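*Asks:* Questions regarding the structure given below will be posed in turn.
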Amino acid sequence: MSGLEKIVDRISGEADEKAGAILAEAQARVGQISADNDRRVKEECERIKKKADTKALNIAERSKASAELKSKQILLSGRQEILNETIGIARKKLAGLSDQEYRDYFIKLFKKHVPTEDAVLRLGEKDLGRLTQEDISELKAAAQAAGSRLTVAEKAADIRDGFILDFGGVEENCTFDALFDQYSEDLLDKVKTILFA
Numbered sequence: 054m055s056g057l058e059k060i061v062d063r064i065s066g067e068a069d070e071k072a073g074a075i076l077a078e079a080q081a082r083v084g085q086i087s088a089d090n091d092r093r094v095k096e097e098c099e100r101i102k103k104k105a106d107t108k109a110l111n112i113a114e115r116s117k118a119s120a121e122l123k124s125k126q127i128l129l130s131g132r133q134e135i136l137n138e139t140i141g142i143a144r145k146k147l148a149g150l151s152d153q154e155y156r157d158y159f160i161k162l163f164k165k166h167v168p169t170e171d172a173v174l175r176l177g178e179k180d181l182g183r184l185t186q187e188d189i190s191e192l193k194a195a196a197q198a199a200g201s202r203l204t205v206a207e208k209a210a211d212i213r214d215g216f217i218l219d220f221g222g223v224e225e226n227c228t229f230d231a232l233f234d235q236y237s238e239d240l241l242d243k244v245k246t247i248l249f250a
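Last residue of the sequence shown: 250 (the numbering used here), numbering continuous.
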């Protein structure tokens, strides 16, 4: 082998070595880049998964809360319906009382609301004719026992049943409609407290 061939072989060998070193370095770099990319892809997948899990959990919690609210609304509606039916039955029962039963109930109601100061008792036209003098005397006696004087208005009030107590311009409405409204609101408030407590 001539000197030139030796030089060419040596240069070629050095070039092969350099090319091998460059190739090895490039492969190592590709391996490092690939590992970095794999790590980043894995991290991004984890981040996306966590975000999706959180979103799914939030949707599930909102759905559950919405279902619970809907359930409470249905229950409240059902209880309101039952309450309205019960009040309707009670109103029909009061409307169906005999005159004697009505007068007994009227007197009992009056005694629950007996005035402790002088008052005028206002009655509807039907009650002016239905209540007896004995009934009126009993009402006046109850008021007197409570320390007040009761006067019965001669002119009929524009009410169907029950009574209005007039304390010189301040009125206490004890008509059956007013009492039903008052008690139904109290019952409805209790229902709401039970459902939304």
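Yeah, the Cβ is synthetic: ideal placement off N, Cα and C, and Gly gets one too.
Predicted, not measured: the structure shown is a model, and the values here were computed from it.
Is there contact between the stretch 188 to 195 and the stretch 163 to 180, where contact requires at least three CB pairs shorter than 8 Å?
*Replies:* yes
*Asks:* Is residue 149 helix, strand or coil by DSSP?
*Replies:* coil
*Asks:* Would you check if there are 3 or more beta carbon pairs closer than 8 Å linking the stretch 134 to 151 to the stretch 203 to 212?
*Replies:* no
*Asks:* Going by beta carbon distance, what residues of the same chain come within less than 6 Å of residue 212, once the five residues before and after it are set aside?
*Replies:* Leaving aside the five residues that flank residue 212 on each side, the residues in its chain whose CB is nearer than 6 Å to its CB run, in chain order, 177, 228.
*Asks:* Quick check: the Cα distance between residue 187 and residue 175, rounded to an integer number of angstroms?
*Replies:* 17 Å
*Asks:* Between residue 179 and residue 169, what straight-line distance do the alpha-carbon atoms span, to the nearest angstrom?
*Replies:* 26 Å
*Asks:* Going by DSSP in three states, residue 217 sits in which element: helix, strand or coil?
*Replies:* strand
*Asks:* I'd like the span of the alpha helix (DSSP H) that includes residue 224, first residue to last.
*Replies:* Segment 224 to 227 is the beta strand (DSSP E) holding residue 224; no alpha helix (DSSP H) there.
*Asks:* Can you tell me whether residue 173 is helix, strand or coil according to DSSP?
*Replies:* strand
*Asks:* Is the separation between the beta-carbon of residue 184 and that of residue 209 shorter than 8 Å?
*Replies:* Against a cut-off of 8 Å, the Cβ pair of residue 209 and residue 184 comes out as no contact.
*Asks:* Does the Cβ-Cβ distance between residue 142 and residue 237 come in under 8 Å?
*Replies:* no
*Asks:* Could you tell me which residues DSSP pairs with residue 203 in its beta bridges?
*Replies:* 172
*Asks:* Residues in the same chain with beta-carbon distance under 6 Å from residue 225, minus the five sequence neighbours each way, listed in chain order, please.
*Replies:* 218
*Asks:* Is it buried or exposed for residue 113, if we count other Cβ within 10 angstroms and need 16 for buried?
*Replies:* exposed
*Asks:* Kindly indicate which three-state DSSP category residue 120 falls into: helix, strand or coil?
*Replies:* helix
*Asks:* My guess is that residue 220 and residue 144 are in contact by the Cβ rule of under 8 Å, so how many angstroms apart are they, rounded?
*Replies:* About 27 Å; that fails the 8 Å criterion.
*Asks:* For residue 109, which three-state DSSP category applies?
*Replies:* helix
*Asks:* Which value, in whole angstroms, describes the spacing of the CA atoms of residue 167 and residue 122?
*Replies:* 44 Å
*Asks:* Take the Cβ of residue 215 as the centre, count every other Cβ of all protein chains shown within 10 Å, and call the residue buried at 16 or more, exposed below.
*Replies:* buried
*Asks:* Suppose you measure from the CA of residue 116 to the CA of residue 93; what does that come to, to the nearest Å?
*Replies:* 34 Å
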